[in-house]
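Asks:
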Amino acid sequence: MSEYTQSSEATMLRLSRYHCFLGGLLGARPSRPVTSREIAEELGLSEETVRHDLRNVPIEGRPGSGFALEPLYEALQEFLELSAAHPFVIVGNADILRGLAITFPARDFGMRPVAYFSERAEDVGAEIAGVTVEALADASVRVQELGVSLALIACAPDAVDAALDVLAEAGIRGAVMLTPVLRPRHPEGMSVTYFRIPCTLKSLASSDPVAS
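Using the numbering used here, read the sequence shown as starting at -12 and increasing by one per residue.
(1) Can you tell me whether Leu169 is buried or exposed? The criterion is at least 16 other CB atoms within 10 Å of its CB, across all chains shown.
(2) Measure the CB-CB distance between Val44 and Leu63 and report whether it falls below 9 angstroms.
(3) Given a cut-off of 9 angstroms, decide if His6 and Leu56 are closer than it, judged by their beta-carbon atoms.
(4) What are the uninterrupted segments assigned as beta strand (DSSP E) that are 3 or more residues long and contained completely in the region 53 to 88, given in chain order?
(5) Classify Thr166 as helix, strand or coil using the three-state DSSP reduction.
(6) Give the straight-line distance between the Cα atoms of Gly11 and Ala27, rounded to the nearest whole angstrom.
(7) For Leu133, which residues from the same chain have a beta carbon less than 8 angstroms from its beta carbon, with the 5 sequence-adjacent residues on both sides left out?
(8) When you compare only the Cα positions, how much space is there between Met(-1) and Phe54?
(9) Can you tell me whether Ala(-3) is buried or exposed? The criterion is at least 16 other CB atoms within 10 Å of its CB, across all chains shown.
(10) Can you tell me whether Ala108 is buried or exposed? The criterion is at least 16 other CB atoms within 10 Å of its CB, across all chains shown.
(11) Span of the beta strand (DSSP E) holding Met98?
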């Protein structure tokens, strides 16, 4: 996207959150407008921040009336270069993939898993949420066939390096890492966002009244 280099990473992340939030509203109340104040209150941001962010997006709201919901959702989708159900792949064993299908119903957020890859041979051929699990070793060719550029990695820790290497070889340019990894790797040409759940929990422990 041409505007990407002009928008900070933090702004792009917030715009992605707005898109997810609006997608939920579309299913609940498609005909009612949404205001920058409502977005700010729901996402714990200042109204000024939301207004500033939305100035990046080519759409106008009506003072006092807010934004028509669907046009704003579609404008954010175009700005973020997302399709109606943007494709991505997931790496993880069958147990994890089944859990993710429940806890992260991707289609509800404008995303669509098109391939599952497992590091365990016994998982190959299993069907989860309508998608057949394939071998991680086959991901390089398969991802190129699908033309996908995004991945979610939730495999066992000892399979992380193999997953990163095969996905980088396939042309994946962006990945979210759910597996706890203390030494992050960023293969050339790939941006990897790491979510370290144990570290985040530990960082909160000192302020936890139950622990004190």
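A virtual CB, placed ideally from N, CA and C, is assigned to each residue, including glycine.
Replies: Taking the geometry as given:
(1) exposed
(2) yes
(3) no
(4) 73 to 78
(5) coil
(6) Looking at the two C-alpha atoms, the distance is approximately 15 angstroms.
(7) Pro74, Val76, Val101, Ala102
(8) If I take the Cα positions, the gap works out to 19 angstroms.
(9) exposed
(10) When all chains shown are included, Ala108 counts as exposed.
(11) Met98 -> beta strand (DSSP E) spans 98 to 105.
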